[in-house]
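Residue numbers (the working numbering), protein chains in the order written: chain A, 1 to 428; chain B, 429 to 856.
Taking it in order: structure first as structure tokens, then the write-up.
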């Protein structure tokens with residue numbers, strides 16, 4: 001893992017504008033899939049599932065038998081662990097619930113904001129070799145707490161036509177009845193527009209590959225989406241109180257996600273940097289996913305040496321990392337200086353995997369610097385607001401002249417008329 | 429204005445799937461503009477301004493002299509009216525402010541949600557013949573209340589190279605110092621990626637034409653956007669207590685926006701429907717924007733006759749209108765039945781133009797049925813959340829086994845290691 005100075009970091013980060021990649025080929029492929037699904041419905045889903053997942057499915061909905069079978073397969077210690085995680089995730093997200101409100105600051109005037117859950121949500125769970133039961137919890141629980149009535153999951157089938165049993169038991173634990181065995185852009189199209197079997201939903205959430213991400217961008221507007229997720233990132237700020245072995249383990253846990261994951265450490269001394277570097281190299285050797293980790297560390301890993309804690313936190317705000325660990329002597333004291341981060345882990349005993357699975361806050365977080373403007377997935381993503389306006393006749397009379405003046409300036413005379421007519425009809 | 433039955437409404441609304449239009453030509457044009465602006469910066473902005481706005485600008489920033497001149501031009505009654513509107517908009521949006529919070533439900537565990545304003549926002553104000561000072565207030569005030577430090581406006585110049593004076597005085601009233609004379613997709617590209625003169629921002633808000641909307645869709649992800657706005661809509665539910673002249677005036681105020689605006693009325697009796705229809709026809713004759721109104725009413729206007737209030741509200745929820753007026757005997761009683769609407773206006777003296785300019789809630793609202801999942805623009809659009817996690821050593825020990833179990837199921841053994849290493853190093 002390379003060690004760089006703060007100056008080198010700032011220099012290399014000068015043009016942080018994200019490049020709009022030329023995705024014309026991907027767009028064409030994705031748009032064709034969307035069009036096909038909208039035109040041919042289930043038949044298109046079956047075709048793509050055969051083509052991309054290598055399996056011909058008669059029925060794209062997971063059956064009751066499949067749910068039962070999954071329960072008999074999973075490790076016995078798994079369900080109790082998942083139950084604890086579920087409880088923590090529920091507790092945290094319950095604290096996110098907001099209320100509708102009214103204000104009545106002036107006589108005859110009632111203004112408010114009404115919160116209503118969205119009707120339906122579709123959760124995309126990636127397939128492939130890995131299982132993502134934690135993603136089921138992190139996406140479904142906030143929707144349930146928000147009050148979403150219809151929640152469905154879609155996930156690509158394995159080549160044997162089944163769905164990962166850990167995903168199934170996690171879904172069943174939460175009472176999810178409908179799981180579609182569909183993945184990729186075709187799943188996003190089906191959730192956005194519906195087919196004979198798949199009901200269209202109001203919001204699509206959950207991570208996915210490039211096809212899924214691009215399809216989400218295309219259907220965005222016709223349906224709500226959570227965010228377009230990029231590769232996972234961690235930034236660890238470590239001073240001399242941070243055990244180098246802990247820091248290294250946390251950096252490596254991020255690096256194992258995939259080759260494009262990014263693990264960055266910011267230290268206040270060259271000495272700390274050297275110790276962490278040695279630990280990274282040492283620990284890598286014995287890790288199962290060594291090949292991925294080495295690629296990721298080589299491409300995106302670095303240890304930055306800053307002159308002071310303040311300089312280190314400036315770098316953090318510039319990176320706006322998905323995960324930030326503050327492994328410094330008084331981490332909570334520095335919370336006010338952090339402007340941009342998806343999740344902030346404080347102290348030496350709050351490693352990022354704790355947040356991935358267990359602590360309670362959501363693990364769906366803004367990546368790639370988007371913590372500058374985006375938030376973790378939350379209950380607020382599954383409700384929407386309606387403004388409420390109620391004026392009495394007297395209150396409107398008092399406001400009439402001002403409204404008419406502004407309407408006329410904007411050239412909208414029928415707007416002015418809608419106010420004027422209420423002044424001129426004394427019998428109304 | 430045509431009168432239809434509820435059955436006819438449901439029948440015609442059966443396939444409400446929005447069509448992905450073939451926007452390939454628009455996309456190509458927009459992407460070329462974005463690429464040009466990113467490559468050639470200010471020079472590209474000047475070129476497009478000459479091409480699309482018909483004016484060669486030396487300086488794209490509004491000068492102090494232009495601000496002064498604007499003040500001397502505007503109607504004298506305008507500024508006091510705008511001040512009142514500003515106060516109301518401020519009062520309402522102050523009520524939207526949220527706090528950061530912490531919970532400490534278990535010993536040694538602190539979890540929280542930190543709110544931070546985004547650093548910068550760019551507000552697009554449409555140009556053309558009309559002036560949109562109310563749009564300045566509705567977009568800037570929530571950002572200021574959220575605590576956004578850098579707020580800029582961009583708006584296309586008139587052919588004389590100047591900016592509408594009403595927009596300027598509204599901006600100056602709010603303390604906005606930087607206004608770019610740039611419109612269209614080039615303005616969105618400049619705000620998203622920056623040029624020599626234009627600083628890139630974290631979020632772009634404000635309405636615009638098809639080029640602006642499409643450019644926002646393309647830069648979305650690299651930068652945050654508010655929403656992709658469609659044509660304006662109103663839905664008025666009227667019973668026999670609603671004065672038909674009021675209902676007609678409100679429908680027509682919406683219809684005057686443009687030909688694609690949509691004005692729909694839902695009544696409980698044929699008689700009420702007939703009276704409103706007659707009033708619509710009668711009032712249209714004397715309105716300034718008669719030509720636009722007639723087109724809009726013909727294309728999108730309708731009066732639906734439902735059997736009951738419940739049936740009427742079912743139709744409302746299906747439409748999910750941008751603006752909903754409940755002109756019925758006890759409108760507030762029905763608030764709990766409304767699931768989807770951008771803004772809800774209660775009673776006979778709360779016409780939609782009151783909300784456009786004056787009452788306080790935002791006039792940037794979800795259109796085209798997106799009230800099913802989207803909210804009015806608000807203070808919450810200009811802040812983002814960071815999750816906070818702090819575990820003590822003891823709390824982490826207690827959770828270790830569960831976390832390791834889940835990490836292993838997901839195949840992420842370096843994640844498991846990051847937890848295990850904290851158990852195995854007693855001296856750390």
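Heads up, the beta-carbon is just placed ideally off N, CA and C, and yes, glycines get one too.
Non-local C-beta neighbours of residue 848 of chain B in its own chain, meaning closer than 8 Å and more than five positions away in sequence, comprise 828 and 832, ordered along the chain. For the pair residue 57 of chain A and residue 119 of chain A, the Cα-to-Cα distance works out to about 29 Å. Residues of the segment 326 to 350 of chain A whose Cβ lies closer than 8 Å to any Cβ of chain B, in chain order: 331, 332, 335, 338, 339, 340, 341, 342, 343, 344, 345, 346, 347, 348, 349 and 350.
Residue 241 of chain A sits exposed, since fewer than 16 C-beta atoms from the chains shown fall within 10 Å of its C-beta. Within the segment 558 to 584 of chain B, contact with chain A at the beta-carbon level (separation under 8 Å) is assigned to 558, 559, 560, 561 and 562. From the beta-carbon of residue 357 of chain A, the residues of chain B found nearer than 7 Å are 831, 834 and 835. Under the three-pair Cβ rule at 8 Å, the segment 725 to 740 of chain B counts as touching the segment 434 to 443 of chain B. Note on the segment 749 to 831 of chain B: whole alpha helix (DSSP H) runs with a minimum of 4 residues are 780 to 785, in chain order.
From the listed residues A:172, A:164, A:345 and A:137, the smallest Cα separation to residue 237 of chain A is found for A:345. Partner residues in the beta bridge of residue 122 of chain A, as assigned by DSSP, are A:152 and A:204.
For the segment 109 to 120 of chain A, the set of residues with a beta-carbon nearer than 8 Å to any beta-carbon of chain B comprises 109, 110, 111, 113, 114, 116, 118 and 119, in chain order. Among the CB atoms of chain A, none fall inside 9 Å of the CB of residue 744 of chain B. Partner residues in a beta bridge of residue 256 of chain A, as assigned by DSSP, do not exist. Taken in chain order, the complete beta strand (DSSP E) segments of 3 or more residues contained in the segment 449 to 490 of chain B number zero; there are none. Rounded to whole angstroms, the gap between the alpha carbons of residue 489 of chain B and residue 412 of chain A is 28 Å. Excluding the 5 residues flanking it on each side, residue 625 of chain B has same chain C-beta neighbours closer than 7 Å at 470, 488 and 489, in chain order.
For residue 522 of chain B, the uninterrupted alpha helix (DSSP H) segment begins and ends at 506 to 522. At a cut-off of 3 residues, the continuous stretches assigned as beta strand (DSSP E) that sit fully inside the segment 206 to 239 of chain A are 233 to 238.
Pairwise C-beta distances place the segment 783 to 802 of chain B in contact with the segment 746 to 760 of chain B, as three or more of them are shorter than 8 Å. The beta-carbon separation of residue 66 of chain A and residue 163 of chain A, rounded to 7 Å, stays under the 8 Å limit for a contact. The beta carbon of residue 814 of chain B is closer than 7 Å to those of 542 and 544 in its chain, skipping five residues each way along the sequence. Under the Cβ criterion of 9 Å, residue 415 of chain A is counted among the residues facing chain B.
By the Cβ neighbour-count rule, residue 492 of chain B is exposed, with fewer than 16 other Cβ atoms within 10 Å of its own. Put simply, the backbone Cα of residue 145 of chain A is about 12 Å away from that of residue 86 of chain A. The residues 85 and 134, in chain order, have a CB closer than 7 Å to that of residue 357 of chain A in the same chain once the five nearest residues on each side in sequence are set aside. Within the DSSP bridge table, the entry for residue 263 of chain A names A:234 as partners. Close to chain A, meaning a Cβ-Cβ distance shorter than 8 Å, are the following residues of the segment 788 to 820 of chain B: 788, 789, 790, 793, 794, 798, 799, 800, 801, 802, 803, 804, 806, 808, 812, 813, 814, 815, 816, 817, 818, 819 and 820. Within chain A, no residue has its beta carbon less than 8 Å from that of residue 624 of chain B; the closest one is some 14 Å off.
Contacts between residue 43 of chain A and chain B, judged by CB atoms closer than 9 Å, are missing: the closest CB pair is about 17 Å apart. At a Cβ-Cβ threshold of 9 Å, residue 83 of chain A and residue 142 of chain A do not count as neighbours. Counting along the chain, the unbroken alpha helix (DSSP H) around residue 136 of chain A starts and ends at 133 to 146. Nearest to residue 170 of chain A by alpha-carbon distance, out of A:73, A:224, A:247 and A:218, is A:73. Listed as beta-bridge partners of residue 113 of chain A by DSSP are A:101 and A:387.
Within the segment 157 to 182 of chain A, the residues whose Cβ lies closer than 7 Å to any Cβ of chain B are, in chain order, 166. Residue 220 of chain A has a beta carbon lying within less than 9 Å of a beta carbon in chain B.
Between the C-alpha atoms of residue 663 of chain B and residue 366 of chain A there is a straight-line separation of about 37 Å.
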